[in-house]
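Peer 1: To start, I am sharing the structure in question, which I have written as structure tokens.
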DNA sequence: GCCAACGTTGGC
DNA sequence: GCCAACGTTGGC
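Residue numbers (my numbering): 475 to 626.
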């Protein structure tokens, strides 16, 4: 079992949207960063994922989801009508991956970035570093537990 | 809306 | 392989 954090703009896909998707979960596509993609390829079924709302009014971790489909080629890279289209990708040589995420829990309150910066095990985590742009971040069990504890 | 930080691209 | 230019991210 691995732990991760994934960023999303809640206008695009919020923790509520994931909850509404039910058992089959949501398609997590559009990741166009190699480091983030490589992390997605390491994900296995049942991995726990903290859902982080960015670029919005209430920034922070909103809940937990789990991986319900491991990495597969992101269909949007082949769709010339999609903003995620990549002319350099082909079905024979896909470049980008997607996963699926299923709802696990919504926190009673969004755990704010300000609060996260005060969590000891998170010191040094890219999430709380200025200028960080990584949208998929691996978490240790200790980091995950410390975040989850803030919801209790 | 601003702007610092960052990743990617492309000329050389 | 370097690095300037550019586009994007993301907090404020």
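Heads up, the beta-carbon is just placed ideally off N, CA and C, and yes, glycines get one too.
(1) Is residue 571 helix, strand or coil when you go by DSSP?
(2) Along the alpha helix (DSSP H) that carries residue 481, what are the first and last residues, could you check?
(3) State the DSSP-derived secondary structure class of residue 489, mapped to helix, strand or coil.
(4) Use the C-beta contact count for residue 617: other C-beta atoms within 10 angstroms, 16 or more gives buried, fewer gives exposed.
(5) First and last residue of the alpha helix (DSSP H) that includes residue 558?
(6) Can the beta-carbon of residue 611 be found less than 8 angstroms from the beta-carbon of residue 502?
(7) By a C-beta neighbour count over all protein chains shown, 10 Å radius and 16 as the cutoff for buried, is residue 508 buried or exposed?
Peer 2: For this structure:
(1) Reading the first chain from its first residue, position 97 is the one you call residue 571. Looking at residue 571 - three-state DSSP - the assignment turns out to be strand.
(2) If you number the first chain from 1, residue 481 lands on position 7. No alpha helix (DSSP H) contains residue 481, which is instead part of the beta strand (DSSP E) from 477-482.
(3) Reading the first chain from its first residue, position 15 is the one you call residue 489. For residue 489, the three-state secondary structure derived from DSSP is helix.
(4) One-based indexing of the first chain puts residue 617 at position 143. Residue 617 comes out buried.
(5) Position 84 of the first chain, counted from the first residue, corresponds to residue 558. According to the DSSP assignment, residue 558 belongs to no alpha helix (DSSP H), since it is labelled neither H nor E.
(6) By one-based count along the first chain, residue 611 stands at place 137. By one-based count along the first chain, residue 502 stands at place 28. In this structure, residue 611 sits away from residue 502, with a CB-CB distance that is not shorter than 8 angstroms.
(7) Within the first chain, numbered from 1, the residue matching residue 508 stands at position 34. Burial call: exposed.
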